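Notes to accompany the following structure.
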Amino acid sequence: MKELDVLINRHFGGKVVRKDLTSQVKGNASVPTFVLEYLLGQYCATDDEETIQQGIETTKQIISKHFVHRDEAQVIKSVIREKGSHRIIDKLSVKLNDKEDRFEASFANLGLNKVPVRDELVKQYPKLLSEGVWSLITIEYVPSDERNTLPWVIETIKLIQVSKADLEEYKVLRSQFTKDEWVDLLMQSIGLNPDEFTFRSKLMALTRLVPFAENNYNLIELGPKGTGKSHVFSELSPHGILISGGEVSKAKLFVNNSNGEIGLVGYWDVVAYDEFAGKTKKADRGLVDIMKNYMANKSFSRGTNVYQAEASMVFVGNTDHSVPHMLTHTDLFDALPKDYYDTAFLDRVHCYLPGWEVKKLRNEMFTSDYGFIVDYLAEILKQLRKEDHSQDYKSYYELSSTITTRDKTAIEKTFSGLVKVIYPNGIMDPVQIKELLDFAVEGRKRVKDQLRKMDETFNDEVVNFEYTSNDGKVHKIETLEVLEYGDPKLGIEKQTEIKQESLPDANIPVDPIKKTLAGLHRTIRDNQTNVSYKGLFGDYLVGATNVIIKDPYIRLPYQMRNFIEFCRLIAELKQEDQEVRIHLVTNNNEDYIENAKGAFNELIESLAPIGIDLSYEFSDIQHDRSIELDNGWKIILGRGLDIWQKTGGRYDISEYYQEKRICKEFEVTVVENGLLISRNLDF
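Numbering (our numbering), first residue to last: 3 to 685.
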């Protein structure tokens, strides 16, 4: 096992499971992950391989004997009749039959309906009265001569969820992990391989857990298909329910006026709407109005009564257009149904997750390492709903006074939820607090920017999404998509300001007196695109005839690709008759050094005819990453040439198009190198 898995099992033994086991036992059973891991947690919550294999077989037998497949429902009924009693795993829902004055159950897969349920079982498990709960049910077959009497009798019900999770123990054990280790543990817990994600991408994935930890939290995520937007809400917690956005009514969601039955918001911690987008979809306008009030005030009225509830609301759906198209021609809420394309409704959204930043899920993005049994994690998050960390940032930072009350509430709820997920013990340093605060502010700013585009009255408010640290420094927050593509509807002055501050291909700094190139420093954020070597530092390469590039990691195929692309840029920028010498200082493992030499020698031969003389050396003490130029500039690269995340493969356009690659976070600094040769710019 890798070091993190050893650490996980040392501190959370019995509460974690190897994540690849779920797919091994699932087969063709359409059963949520939390149900399978509930069973795996009984038999496979260990790192002992022999015990795991035995547990897998036991779990498979349980699924085979007790899980009800719809196409085998008649077989299971026959087994119950033959044995007289049998335990099954099925999704059970209960309704009150007021004519008969009794509760009646329906089985999702077994197909039985109107089966009487004892009152004490419903009182013990009131959630049965909602859309249905996965349960272990002992059902008997008792024939009767009485007319209209069903032979089916429910003897016992046990909801499939962890009965107890020690929150205080969880908080104490959190201190045994670094921030990165804990984040990776959570990523593995939701089934994802943390090695395939940047920290920003991990934050986005973990923000999907915030509705489970924060009461009355409103989240929206729109983006392309196949990115796993709804997975967390359907598979990972017995406290959340995923419904189709078009299959909900006032009675189903809030309360049924005819019988007084409370709706979904009264039974579930999270109500998530799948496939929420779609311009042609219709919604009950009255439902939208009730949702506005509920999302803002945690209450709703039906008839003469006012009700309170704590359920968080989540909306996930697919976008119709690219981000640049939406920014230029419409807005980021463009794909929503007409009735939900309402500024008053959308203003209640606390955070907009940019689903377009999330990679489509591939096999290597799933983990086979250890993570929490999701039911255990779900129970912990449920307990954390009682806590409040919304003010934890105030010891170090102060939000701008121009931020409205609604914006501030949204930012603080996102921040509080992320603290509960990543720092449940509340122990954070100022840098860690800033990471979460930046993300929370950006998530709300994305909502507010779109509202301004949809309704000009929002422009009457002067809101600066920024905050001040104790040292007096002001931290301005901008959404990543605006940094990448700009937003024509922000106005020329604002657009120019953003470009000059953040876009790598914006105007290169110029000394206003000498009218020559000036040095620069830029930070590129996780998941940022529209970044190329030419846009970052191309202007500084012009005129150089001797280039020394120091990068210890030019060895793997994609790193070689990056280096070749750098050489190509040199070739593009030099004069046709000019010769340029490039010397590479790098490192390599002894096992691969001969292959590296062969690759470099081949590259030397291919560059020679176009006037580039390449040489290289291996140094095991080389750690700095820089490009030194004889025209007077030195380019300091925090990550060397390795600035992009992994591309999707040979047929991914980003493999050939730098600006479409997704960046890792890094910094680039250009300084004078003591041999400054000023280069006049054309004005």
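Backbone N, C-alpha and C fix where the C-beta goes; we use that ideal spot for every residue, glycine too. If you're wondering where the values come from, they're calculated on a predicted model, not measured in any experiment.
Annotation for residue 153: no alpha helix (DSSP H) segment contains it, and DSSP assigns it neither H nor E. The continuous alpha helix (DSSP H) containing residue 453 extends over residues 432 to 456. With 16 or more neighbouring CB atoms inside 10 Å of its own CB, residue 541 falls in the buried class. For residue 615, no alpha helix (DSSP H) encloses it; the enclosing beta strand (DSSP E) starts and ends at 614 to 620. When the alpha-carbon of residue 279 is set against those of 338, 417, 122 and 601, the nearest one is in 338. In the structure shown, residue 270 falls within a coil segment according to DSSP collapsed to helix, strand and coil. Where residue 88 is concerned, the enclosing beta strand (DSSP E) starts and stops at 87 to 99. A Cβ-Cβ contact shorter than 9 Å links residue 451 with residue 489. Nearest C-alpha to residue 437 among 570, 297, 421 and 448: 421.
With a 10 Å radius around the Cβ and a threshold of 16 neighbouring Cβ atoms, residue 3 comes out exposed.
In this chain, the alpha helix (DSSP H) harbouring residue 186 covers 181 to 191. In chain order, 159 place their CB closer than 6 Å to the CB of residue 123, counting only its own chain and leaving out the 5 sequence neighbours on each side. Following the DSSP letters along the chain, one finds residue 7 inside the alpha helix (DSSP H) bounded by residues 5 to 14.
Residues of the same chain with a CB within less than 7 Å of the CB of residue 237, apart from the 5 flanking positions on each side, are 34, 35 and 36 in chain order. In the three-state reduction of the DSSP assignment, residue 160 falls in the strand class. One alpha carbon belongs to residue 331, the other to residue 315, and they sit about 28 Å apart.
Out of 384, 144, 96 and 213, the CA that lies nearest to the CA of residue 85 is found in 144. Rounded to whole angstroms, the Cβ separation of residue 535 and residue 567 is 7 Å, and the two are in contact under 8 Å. Of all C-beta pairs linking the segment 516 to 533 to the segment 550 to 560, fewer than three are shorter than 8 Å, placing the two stretches out of contact.
It is roughly 13 Å from the alpha-carbon of residue 443 to the alpha-carbon of residue 351. Within the DSSP bridge table, the entry for residue 136 names 93 as partners. Here the C-alpha atom of residue 341 lies approximately 7 Å from the C-alpha atom of residue 290.
Counting C-beta atoms within 10 angstroms of its own C-beta, residue 659 has fewer than 16 neighbours from the protein chains shown and is therefore classed as exposed. A straight-line Cα-Cα distance of about 23 Å links residue 381 and residue 6. Here residue 405 carries a coil assignment [DSSP, helix/strand/coil]. As the crow flies, the alpha-carbon of residue 12 is around 21 Å from that of residue 41.
Within the segment 350 to 412, the runs of beta strand (DSSP E) that reach at least 3 residues and sit entirely inside it are, in chain order, 353 to 356, 372 to 374 and 399 to 401.
Taken atom to atom, the span from the alpha-carbon of residue 610 to that of residue 669 is near 32 Å. Here residue 480 is buried, its C-beta having at least 16 other C-beta atoms within 10 Å.
In this structure, the straight-line span from the alpha carbon of residue 104 to that of residue 116 is close to 10 Å.
In this structure, the CA atom of residue 590 is about 43 Å from the CA atom of residue 232. Of the candidates 588, 434, 587 and 671, the residue whose Cα lies closest to the Cα of residue 202 is 434. Within a 10 Å sphere around the beta-carbon of residue 655 sit fewer than 16 other beta-carbons, which makes this residue exposed. Residue 652 and residue 357 have their C-alpha atoms roughly 24 Å apart.
With at least 16 other beta carbons inside 10 angstroms of its own, residue 111 counts as buried. Taking all protein chains shown into account, residue 418 has 16 or more neighbouring C-beta atoms within 10 Å of its C-beta and is therefore buried.
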